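Participant: In the working numbering, the protein residues as written are 1 to 226.
Quick reminder that beta carbons are idealized off the backbone N, C-alpha and C, glycines included.
Every value quoted in this text rests on a predicted model; they were computed, and no experiment measured them.
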Ligand SMILES: *Cc1c(COP(=O)(O)O)cnc(C)c1O
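1. DSSP on residue 90, reduced to helix/strand/coil?
2. For the alpha helix (DSSP H) that residue 36 lies in, which residues bound it at each end?
3. Return the chain-ordered list of same chain residues with a C-beta closer than 8 angstroms to the C-beta of residue 24, the five sequence neighbours on each side being excluded.
4. From the DSSP output, in three-state form, read off residue 51 for me.
5. Let me know if residue 159 comes out buried or exposed under the rule of 16 or more other beta-carbons within 10 Å of its beta-carbon.
6. Would you mind listing the alpha helix (DSSP H) stretches within the segment 100 to 144 that are 4+ residues and don't spill past its ends, in chain order?
7. May I ask you to report which of helix, strand or coil DSSP gives residue 28?
8. How is the alpha helix (DSSP H) around residue 197 delimited, first residue to last?
9. Assess contact between the segment 100 to 113 and the segment 52 to 67, defined as three or more Cβ pairs (one per stretch) separated by less than 8 angstroms. Is contact present?
10. Count the C-beta pairs between the segment 46 to 57 and the segment 97 to 104 that are closer than 8 angstroms, then say yes if the count reaches three, no if not.
11. Would you check if the segment 112 to 127 and the segment 28 to 48 touch, i.e. whether three or more CB-CB distances between them fall below 8 angstroms?
12. So residue 115 and residue 87 are in contact, right, with Cβ under 8 angstroms, and what is the actual spacing, rounded?
13. Could you give the residue range of the alpha helix (DSSP H) that holds residue 183?
14. Using 9 angstroms as the threshold, is the C-beta distance between residue 104 and residue 149 below it?
15. What first and last residue would you give for the alpha helix (DSSP H) that runs through residue 205?
16. Taking C-alpha atoms, which residue in 22, 3, 85 lies nearest to residue 36?
17. Which residues share a DSSP beta bridge with residue 74?
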């Protein structure tokens, strides 16, 4: 298999499993690979990339800027406040707002550089302790304050599927996230939440069926190639 073949397979699956494939964005997660292999992803025609570490994404952004290769960068990992500065100028979507103080820091830095940064709120649907993400009750307490931050644009929700082997539990988590988005849209956001970032290599088909608009795929793209 080549990266291109793996990419095409995911793109076919998006058409097959999503109720609205034209709305779905594929983020190629490149945290496993270095710049040389990323070039193969780009050569295969894909330039929407996701990374989970601030310093690493900074280096990769600089590498491709130098080469004048245009990339849409997604930050998908746990972001420490003191590292926001590394990514604030260049990142297109931050998937992982999990507390007010982080949102506040991103807002402050965005203001300093004259940007409004698109973000998602990361939700920990079942309150699993091993997971990052807002507990729903904590989120409800912060919502009014989050909405007041003028230099972030909250576009939707993100979650990590459970490690469960049971497909039913995975499906439940994704459908709960979709339901939460609807509720938040009605009560607080007047339908401005459009994105649901859910689904990785192991569970993206289920996520698509449950309405995902952004799938974050790593491992599957490099299968048989590394
Ligand atoms: C690594 C990672 C992915 C991709 O996971 P794969 O199982 O390799 O597809 C997606 N989302 C986040 C937040 C990640 O850290």
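Facilitator: This is what the structure holds:
1. Residue mapping note: residue 90 aligns to position 90 of the chain shown, counting from 1. It is coil, neither helix nor strand.
2. Residue numbering aside, residue 36 sits at position 36 when the chain shown is read from its first letter. For residue 36, the enclosing alpha helix (DSSP H) begins and ends at 35 to 43.
3. Mapped onto the chain shown, residue 24 falls at position 24. Cβ within range, chain order: 14, 18, 208, 212, 213, 214, 215.
4. For the purposes of this step, residue 51 is identified with residue 51 of the chain shown, where counting begins at 1. Under the three-state reduction of DSSP, residue 51 is assigned to strand.
5. Within the chain shown, numbered from 1, the residue matching residue 159 stands at position 159. Answer is buried; the Cβ neighbour count reaches 16.
6. Taken in chain order, the complete alpha helix (DSSP H) segments of 4 residues or longer contained in the segment 100 to 144 are 100 to 112.
7. Along the chain shown, read from residue 1 onward, the residue named residue 28 stands at position 28. When DSSP states are grouped into helix, strand and coil, residue 28 belongs to the strand group.
8. The residue given as residue 197 occupies position 197 in the chain shown. Going by DSSP, residue 197 is part of no alpha helix (DSSP H) but of the beta strand (DSSP E) stretching over 195 to 197.
9. They do not touch, by the three-pair rule.
10. Under the three-pair Cβ rule at 8 angstroms, the segment 46 to 57 does not count as touching the segment 97 to 104.
11. In short, these stretches do not touch, since the Cβ pair count stays below three.
12. Walking along the chain shown from the start, residue 115 turns up at place 115. Walking along the chain shown from the start, residue 87 turns up at place 87. Here residue 115 is actually not in contact with residue 87; their C-beta atoms are around 11 angstroms apart, not less than 8 angstroms.
13. As a position in the chain shown, residue 183 is number 183, starting the count at 1. Segment 167 to 184, the alpha helix (DSSP H) holding residue 183.
14. Taking the chain shown and counting its residues from 1, one reaches residue 104 at position 104. Taking the chain shown and counting its residues from 1, one reaches residue 149 at position 149. In contact: residue 104 and residue 149 (Cβ atoms closer than 9 angstroms).
15. Here residue 205 corresponds to residue number 205 of the chain shown, with the count starting at 1. From DSSP, the alpha helix (DSSP H) with residue 205 extends over 204 to 209.
16. Along the chain shown, one-based indexing puts residue 36 at 36. With distances taken between Cα atoms, residue 36 lies closest to 3.
17. The residue given as residue 74 occupies position 74 in the chain shown. According to DSSP, which records beta bridges pairwise, residue 74 is partnered with 50, 93.
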